[in-house]
Amino acid sequence: MPLLSEHQNPAELVDRLRDAGAVTAALMSEIISKVCRRFPSQGQTAKTAHVERLIQSGGWTDAALALIDLELPQWQVRRIAYDEGEWYCALSRERELPDWLDQSVEARHADLALAILSAFVEVERISVPSIRTSVPAVTRDTNQLYEPVCSDNFA
Numbered sequence: 016m017p018l019l020s021e022h023q024n025p026a027e028l029v030d031r032l033r034d035a036g037a038v039t040a041a042l043m044s045e046i047i048s049k050v051c052r053r054f055p056s057q058g059q060t061a062k063t064a065h066v067e068r069l070i071q072s073g074g075w076t077d078a079a080l081a082l083i084d085l086e087l088p089q090w091q092v093r094r095i096a097y098d099e100g101e102w103y104c105a106l107s108r109e110r111e112l113p114d115w116l117d118q119s120v121e122a123r124h125a126d127l128a129l130a131i132l133s134a135f136v137e138v139e140r141i142s143v144p145s146i147r148t149s150v151p152a153v154t155r156d157t158n159q160l161y162e163p164v165c166s167d168n169f170a
């Protein structure tokens, strides 16, 4: 696994996870390198080592849950359910709120670990800070016949 991660937009990982049949070490490494901002963590070396051990041993579901614990400390697993051949995973910031008040992020997949990882990547995708200014940009394409007019009444 790379020590320095290349933080990229995780939008393409959502499609990749949806099409994957099972979790592999290469897929976990790609998720960590593209999405994780705290891995490897200086202050939480025990958690980082725990995630690495789980990946090496093939404990994909436990590794996905440990990544959520490390990367998203304010998020918790709200629901994991199996219905009609698919696993559903919902992550939430406020687990104690009723479903209709909570804004949880949900994902589904035939594989439990991939459902959890899909929800994890989706949370990371929506929480990526946007690089925009507070003032909207104005296009410079103006018509040749355009003339500014002052319409204020100063009387």
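For reference, each letter of the sequence shown is one residue, going 16 to 170 in our numbering. Positions of the beta carbon are idealized from the N, C-alpha and C atoms, including for glycine. If you're wondering where the values come from, they're calculated on a predicted model, not measured in any experiment.
So who's on the other strand from residue i, going by DSSP bridges?
i           : result
alanine 122 : Cys104
What would DSSP say about residue i, mapped onto helix, strand or coil?
i             : result
arginine 52   : coil
valine 29     : helix
aspartate 117 : coil
serine 133    : helix
serine 142    : coil
alanine 37    : coil
glutamate 45  : helix
glutamate 162 : coil
Could one say the Cβ of residue i lies closer than 8 Å to chain D's Cβ atoms, at least one of them?
i         : result
valine 92 : Among the chains in the structure shown there is no chain D, since it carries only a single protein chain.
Tell me the residue span of the beta strand (DSSP E) that contains residue i.
i           : result
arginine 93 : 91-98
Buried or exposed, going by whether 16 or more other CB atoms sit within 10 Å of the CB of residue i?
i            : result
threonine 39 : exposed
threonine 63 : buried
histidine 22 : Because the pLDDT of histidine 22 is 45, which lies under 50, any placement of that residue in the model is unreliable, and the question is left without a value.
leucine 18   : Note that leucine 18 has pLDDT 38, beneath the 50 cutoff, so the model's placement of it is unreliable and the number below is only indicative. It counts as exposed.
proline 55   : buried
serine 119   : buried
For the alpha helix (DSSP H) that contains residue i, what are its first and last residues?
i             : result
threonine 76  : 75-86
glutamate 111 : From DSSP, glutamate 111 is part of no alpha helix (DSSP H); its letter is neither H nor E.
alanine 12    : The requested residue 12 does not occur in the structure, where the chain is confined to residues 16 to 170.
Could you tell me which of the options sits nearest to residue i, measuring between CA atoms?
i           : options                       : result
tyrosine 97 : Arg108, Trp75, Ala79, Arg123  : Arg123
arginine 33 : Val136, Phe169, Ser142, Ser44 : Val136
valine 92   : Cys51, Glu109, Glu99          : Glu109
leucine 127 : Arg94, Ser119, Glu139, Leu112 : Arg94
alanine 79  : Ala134, Phe169, Glu101        : Ala134
leucine 87  : Gly73, Val138, Gln71          : Val138
serine 142  : Gly36, Glu45, Gln89           : Gln89
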